[in-house]
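Residue numbers (our numbering): 3 to 115.
The following block contains the structure:
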């Protein structure tokens with residue numbers, strides 16, 4: 003990644019004036035199933051942005067169904083791994099996408115655990 007590309011992505015995640023960030027995780031639906039109240043993802047992401055968050059963290063469905071192209075722009079962090087509470091080991095994480103795929107949907111950063 004070029005230094006310019008890195009700077010652009012970091013500026014979408016961190017507040018330029020303070021260097022601080024507020025990142026709202028919205029990746030719980032994959033592991034826990036549907037979350038009550040999270041019906042309209044574009045509106046939810048817009049409200050999160052209006053509330054002062056710098057970025058949202060989610061899985062690959064978030065950019066398709068609720069990020070960019072609607073409301074306030076906000077940074078995007080794609081979570082590369084997932085597990086499910088419905089399986090025998092809810093702590094067993096597996097990779098569900100790649101850095102390359104995350105970049106294709108406009109991710110500013112990725113996370114994994």
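The C-beta atom is built at its ideal place from N, Cα and C for all residues, glycine as well.
Small disclaimer: the values here were computed from a predicted structure and weren't measured.
Checklist entry - For residue 81, which beta-bridge partners are listed by DSSP? => result 113
Next on the checklist: Given this structure, state the Cα-to-Cα distance separating residue 13 from residue 66, to the nearest angstrom.
Outcome noted: 22 Å
Checklist entry - Which word fits residue 11, buried or exposed, when buried means at least 16 other C-beta atoms lie within 10 angstroms of its C-beta? => result buried
Checklist entry - Alpha carbon to alpha carbon, what distance is there between residue 97 and residue 15? => result 23 Å
Checklist entry - Which of the three DSSP states, helix, strand or coil, is assigned to residue 25? => result strand
Next on the checklist: Looking at the secondary structure, which residues open and close the alpha helix (DSSP H) in which residue 55 lies?
Outcome noted: It is not in any alpha helix (DSSP H) - residue 55 carries neither H nor E in the DSSP assignment.
Checklist entry - Among the residues of its own chain, which have a CB less than 7 Å from the CB of residue 112, if the five just before and after it don't count? => result 79, 80, 82, 101, 104
Item to check | Alpha-carbon spacing of residue 84 relative to residue 37, whole angstroms | outcome: 16 Å
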